[in-house]
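Worksheet: the structure to be examined is printed underneath.
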Amino acid sequence: NAGVMQNPRHLVRRRGQEARLRCSPMKGHSHVYWYRQLPEEGLKFMVYLQKENIIDESGMPKERFSAEFPKEGPSILRIQQVVRGDSAAYFCASSGGSHQPQHFGDGTRLSIL
Amino acid sequence: KQEVTQIPAALSVPEGENLVLNCSFTDSAIYNLQWFRQDPGKGLTSLLLIQSSQREQTSGRLNASLDKSSGRSTLYIAASQPGDSATYLCAVNLGAGNMLTFGGGTRLMVKP
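Residue numbers (this note's numbering), protein chains in the order written: chain A, 12 to 124; chain B, 147 to 258.
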């Protein structure tokens with residue numbers, strides 16, 4: 012499967028725990044984007060990364076959230092000390108370059124108990 | 147700040163009808179506009195991408211148009227089928243930062 016791969020598909024955490032969401036871009040893509048879809052809301056941009064660099068994190072909450080895209084391995088979206096309001100579907104997209112079409116994964120659905 | 151609006155929010159049509167989904171955006175200085183389809187519990191499937199210099203794009207029964215000056219795009223679906231039932235999202239790319247700004251989507255139901 013050459014598409015964008017996200018895992019896990021579903022993640023359940025208790026309040027205060029950490030959540031780690033992984034994204035492997037399409038083969039040959041070096042640009043990764045994370046979006047969040049809250050219940051009954053549209054998708055909102057969070058962060059844009061290239062290998063080892065954060066290009067734009069203007070949509071990411073200032074606290075508890077971080078993202079990385081290391082030289083080797085998948086991109087990771089990390090949420091520390093999760094709260095109920097973090098429950099959402101988190102989508103990753105990748106592209107072959109800036110302004111190229113973005114291809115989306117199936118998302119990770121995060122539920123906070 | 148770019149805002150993207152999609153009308154209608156929901157649409158139900160009988161099979162075989164031709165239909166138009168609307169998308170409007172407030173900042174006309176876009177780099178491109180993309181139409182996506184989202185099935186329940188799934189990710190987004192890219193349908194069409196229109197560059198700012200283009201007026202329309204076609205793929206099979208789908209045709210998307212772009213009028214930058216008026217801040218509007220339409221997605222035309224010909225001869226609709228039950229398999230077209232999904233949420234359709236439009237998203238604009240302003241260029242700087244490369245982020246996509248999404249509309250709220252149109253939930254389409256095509257009844258057999």
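Using N, Cα and C, we set each Cβ at its ideal position, and we do this for glycine too.
Distance check between Q184 (chain B) and each of A:L124, A:S122, A:I123 and A:G118 places A:G118 closest, using alpha-carbon atoms only. Unbroken beta strand (DSSP E) runs of no fewer than 3 residues, entirely contained in the segment 160 to 205 of chain B, are found at 165 to 171, 178 to 184, 190 to 197 and 202 to 205, following chain order. Each residue's CA atom was taken as its position, placing Q92 (chain A) and V15 (chain A) some 27 Å apart. In the DSSP assignment, Q152 (chain B) is bridged to B:C169.
In the DSSP annotation of this structure, the continuous segment of the beta strand (DSSP E) that includes L60 (chain A) starts and ends at L54 to Q61. In this structure, the CA atom of V238 (chain B) is about 11 Å from the CA atom of P112 (chain A). The CB of S170 (chain B) never comes closer than 7 Å to any CB in chain A; the least such distance is about 14 Å. Judged by DSSP in its simplified three-state form, D97 (chain A) adopts helix. Under the three-state reduction of DSSP output, D67 (chain A) falls in the strand class. Between K82 (chain A) and E63 (chain A) a beta carbon distance of about 5 Å is seen, short of the 8 Å cut, so the two are scored as contacting.
The C-beta of P258 (chain B) has fewer than 16 other C-beta atoms within 10 Å across all chains shown, which makes the residue exposed. G206 (chain B) and L193 (chain B) have their alpha carbons spaced roughly 10 Å apart.
Under the three-state reduction of DSSP output, D117 (chain A) falls in the coil class, being neither helix nor strand. Selection B:L240, B:A232 and B:Q152 evaluated against L190 (chain B) yields B:A232 as nearest (Cα-Cα). The shortest CA-to-CA distance from I65 (chain A) to any of A:I87, A:S35, A:E51 and A:L54 is the one to A:I87.
A Cβ-Cβ separation of about 6 Å places A99 (chain A) in contact with L121 (chain A) under the 8 Å criterion.
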